[in-house]
Amino acid sequence: MNVEVRGLMKSFGQNEVLKGIDLDFRSGQVYGLVGRNGAGKTTFFNCLAGLEKHRGSITVDSGRLKDRLGFLQTEPYFPSKLTGREYLRLFCKARRVPDEGLDEQNVFDLPLDRYAQQYSTGMKKKLGLLAVLLQRNGFFILDEPFNGVDIHSGLLITEIIRRLKGEGKTVLISSHIFSTLKETCDTIHVLNEGRITETIGKDEFDRLEHDMVAFAVGNRLDALRF
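Counting from 1, one number per residue, gives the positions in the sequence shown under full-length UniProt numbering.
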């Protein structure tokens, strides 16, 4: 699905977090969003998901974005005394899609009959991802999808993102692991102090990675004695 964002602004009191975001997201494309902590990534995602009121417009080619959006948050919320299986069924019911065959579709081998709150950080992330996948959404926001997962699950998530792209879905990813963005994204947007300062294609990913390393490291290690 295609999504158009124009003049998106968000403030918390006197703190202006998003300062006029203009972006286009197209079907069958994977987009990355990078920025320092506090740049406004999570606020931007929350605005897209309809969790935060904002100024500016978000339009889609058909229907309402929130009705076709799968939002994997950095730390998904799990109600108490709800098993993994019940959590998946709840998400399916919200989109009125069948919830049969959950064991067969449990690609992460999660203990679905255990309470979700007892899961490890990585298991919670995988359960949250599986839930939004089962909903058959058209637009996916994946906020740190690789956070806390093991290497094998990371490879599986990478392949899932590629499959979503192949199915014509639209995917927006935030990740602190730049290599995962290089492997999956068609375009990377750089968010800095509430503004999109760069939009980078595949041919410039290496340059962007170099710039990010140079900024993050600089000469900070010179004074450190190993």
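Glycine included, C-beta positions come from ideal geometry on N, C-alpha and C.
- For Y31, the uninterrupted beta strand (DSSP E) run begins and ends at V30 to V34, by DSSP.
- Taking a contact to require three or more Cβ pairs closer than 8 Å, the segment 19-35 and the segment 179-194 qualify as touching.
- Between C47 and F226, the alpha-carbon positions lie close to 44 Å from each other.
- The beta carbon of L72 lies closer than 8 Å to those of K125, G128, L129, V132, F140, I141, L142, D143 and P145 in the same chain, with the five residues before and after it left out.
- CA-to-CA, the gap between A94 and N137 works out to about 11 Å.
- Partner residues in the beta bridge of Y115, as assigned by DSSP, are T83.
- Per DSSP, reduced to three states, the secondary structure at M9 is strand.
- For a cut-off of 8 Å, the C-beta gap from R6 to S57 is around 5 Å, short enough to register as a contact.
- Of the residues assessed, P76 falls on the buried side of the cut-off, its CB having 16 or more other CB atoms within 10 angstroms.
- When DSSP states are grouped into helix, strand and coil, V17 belongs to the strand group.
- In the structure shown, G128 adopts helical secondary structure according to DSSP, grouped into three states.
- Ranked by Cα distance from S27, the first of T197, D186, D113 and D206 is D186.
- Annotated as distal: V97 and L65, with beta-carbon spacing of 8 Å or more.
- For I177, there is no enclosing beta strand (DSSP E), as DSSP gives it neither H nor E.
- Each of T59, V107, F178 and H176 was checked against the Cα of E159, and the nearest Cα belongs to V107.
- For L156, the enclosing alpha helix (DSSP H) has its first and last residue at I151 to G166.
- Look at D222 here: in three-state DSSP terms it is coil, with no helix or strand label.
- The C-alpha of L224 is placed about 49 Å away from the C-alpha of E167.
- Less than 8 Å divides the Cβ of I173 from the Cβ of T184.
- Taking a 10 Å sphere around the C-beta of R163, we find fewer than 16 other C-beta atoms and assign the residue as exposed.
- Within its own chain, the residues whose Cβ lies closer than 8 Å to the Cβ of A39, once the five positions on either side in sequence are excluded, are L191, N192, E193 and G194, listed in chain order.
- Here the alpha carbons of K19 and H210 stand approximately 27 Å from one another.
- Excluding the 5 residues flanking it on each side, T59 has same chain C-beta neighbours closer than 6 Å at E4, in chain order.
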